[in-house]
Amino acid sequence: MEILKDIKATITFIVLATRYILHIFFGEMYVMAVDFEWNRFKLDYNKTYNDDMDEFSRYKVFRKNMARVEEHNERYKQGLVTWTIGINKFSDLTEEEYQEAVAAEKLKVEGEIQARTKHRMHEFNGNAPASMDWRQFGAVTQVRRQTCDRKCGCCWAMAAVGAIESQYAILYNRRVLLSPQELIDCSTHYKNRGCSGGSAKEAFKYIINNGLGSEFSYPYNAKNGTCYRNKPVAKLIDYVLVPNDEKHLIDAVGTVGPVVVSLNVQFMKGYTSGILKCPKKIPPNNHEVLMVGYGEENGVPYWLLKNSWGEKWGENGYMKIERSDGSTQCGILNPSYPSYPVIE
1 MEILKDIKAT
11 ITFIVLATRY
21 ILHIFFGEMY
31 VMAVDFEWNR
41 FKLDYNKTYN
51 DDMDEFSRYK
61 VFRKNMARVE
71 EHNERYKQGL
81 VTWTIGINKF
91 SDLTEEEYQE
101 AVAAEKLKVE
111 GEIQARTKHR
121 MHEFNGNAPA
131 SMDWRQFGAV
141 TQVRRQTCDR
151 KCGCCWAMAA
161 VGAIESQYAI
171 LYNRRVLLSP
181 QELIDCSTHY
191 KNRGCSGGSA
201 KEAFKYIINN
211 GLGSEFSYPY
221 NAKNGTCYRN
231 KPVAKLIDYV
241 LVPNDEKHLI
251 DAVGTVGPVV
261 VSLNVQFMKG
271 YTSGILKCPK
281 KIPPNNHEVL
291 MVGYGEENGV
301 PYWLLKNSWG
311 EKWGENGYMK
321 IERSDGSTQC
331 GILNPSYPSY
341 PVIE
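In UniProt numbering, the protein residues as written are 1 to 344.
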């Protein structure tokens with residue numbers, strides 16, 4: 001017991017000594033401001049840590065991320081970038097830890113190039129409006145939250161049910177909330193892997209054969225479970241692939257409805273608002289979201305995306321990504337083929 005007390009005393013001394021050094025180097029007012037944001041961050045995101053040393057290591061990471069936020073947003077004020085970043089649930093993670101936290105977002109994309117020649121493709125009709133936001137038509141259901149801190153990589157399931165819910169609203173003026181948990185638990189025979197990743201297209205195949213129950217009857221719990229089925233409230237007869245180019249994607253979103261797309265999350269960590277611009281070279285896609293619109297803001301064209309990280313992330317759960325010629329647009333135009341469901 002005495003040894004344990006000595007260890008705790010040493011940890012406390014290190015924490016206090018380091019904070020004193022921070023006061024000297026950064027100034028009392030700055031450290032007070034960081035401490036205020038840190039305490040608010042822990043409260044807002046219900047953060048708890050193993051011990052004082054663990055919390056202090058997270059605090060140091062948070063402080064570095066906060067400095068990065070201030071530096072980036074100063075560039076935004078100067079007109080050098082078109083989006084802002086801020087504090088969110090990932091702000092106590094290093095870049096490497098963030099990548100690991102979303103690594104569960106493993107997409108099943110093997111064989112999709114071959115599938116293009118074997119499956120129904122979107123037929124271009126050329127009637128898409130100059131801009132679109134399906135939220136304005138009441139065709140987009142609420143933003144869901146995967147709870148990434150529990151590492152349930154079910155973006156594919158949430159994007160799939162969101163697309164189907166939108167089609168019921170557009171075609172039948174009917175509001176349904178469907179069960180992503182049923183897809184997590186029951187579509188493993190369709191090459192999906194529950195919380196370890198999957199594909200909205202494989203989810204569509206499951207629903208074509210089995211239908212899908214409501215979220216009320218099969219609620220989300222952010223982990224793999226035993227499959228059980230209730231009476232389906234939604235049925236599909238097919239799904240459609242969209243050629244991965246801007247012209248066809250605008251046409252599909254503008255004339256049919258929201259479309260499931262994949263991208264890479266590397267540059268989404270601190271996003272809070274504006275139009276995100278990704279570099280031309282990015283890692284493979286590892287996340288699926290619902291594209292609910294497109295438009296232009298201050299001369300910059302964008303895609304409007306509904307994410308599944310909760311309403312506290314981004315613009316109330318949404319984000320804009322720049323769509324420009326010669327860019328992969330954060331992976332959206334990579335060869336993973338956007339898709340949308342055809343409901344019964």
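Note that beta-carbon positions come from the ideal geometry of N, C-alpha and C, so glycine has one too.
- Shown here, Asp44 sits in a helix according to DSSP, grouped into three states.
- Runs of the beta strand (DSSP E) lying entirely within the stretch 315 to 344, each at least 3 residues long, are 318 to 322, 339 to 343 in chain order.
- Nearest in C-alpha terms to Pro283, of all of Ile332, Lys312, Asp185, is Ile332.
- Taken through DSSP and simplified to helix, strand or coil, Pro283 comes out as coil.
- Counting only runs of 4 or more residues that sit fully inside the stretch 246 to 306, the alpha helix (DSSP H) segments are 246 to 255, in chain order.
- Put simply, the backbone Cα of Asn210 is about 10 Å away from that of Ala203.
- Secondary-structure assignment with DSSP links Ile164 through no beta bridge to anything.
- Per DSSP, the continuous beta strand (DSSP E) segment holding Tyr239 begins and ends at 236 to 241.
- With three or more CB-CB distances shorter than 8 Å, the stretch 212 to 220 counts as touching the stretch 174 to 194.
- In this structure, Thr141 sits near Gly162, with a CB-CB distance shorter than 8 Å.
- With a 10 Å radius around the Cβ and a threshold of 16 neighbouring Cβ atoms, Gly257 comes out buried.
- DSSP places Thr94 outside both helix and strand once states are collapsed to three, so it counts as coil.
- When C-alpha distances from Asn298 are compared across Gly254, Thr82, Ile87, Asn307, the shortest belongs to Thr82.
- The three-state reading of DSSP puts Arg175 in coil, since its state is none of H, G, I, E or B.
- In the assembly as shown, Phe41 is a buried residue. Its beta-carbon has 16 or more other beta-carbons within 10 Å.
- A straight-line Cα-Cα distance of about 6 Å links Ile321 and Lys277.
- Trp38 has its alpha-carbon roughly 43 Å from the corresponding atom of Pro341.
- For Ile184, there is no enclosing beta strand (DSSP E); the residue is found in the alpha helix (DSSP H) stretching over 180 to 186.
- Counting only the Cα atoms, Ser131 lies some 20 Å from Asn316.
- Between Leu177 and Gly194, the alpha-carbon positions lie close to 19 Å from each other.
- Checking the DSSP bridge columns, you'll see Ile85 partnered with Tyr271.
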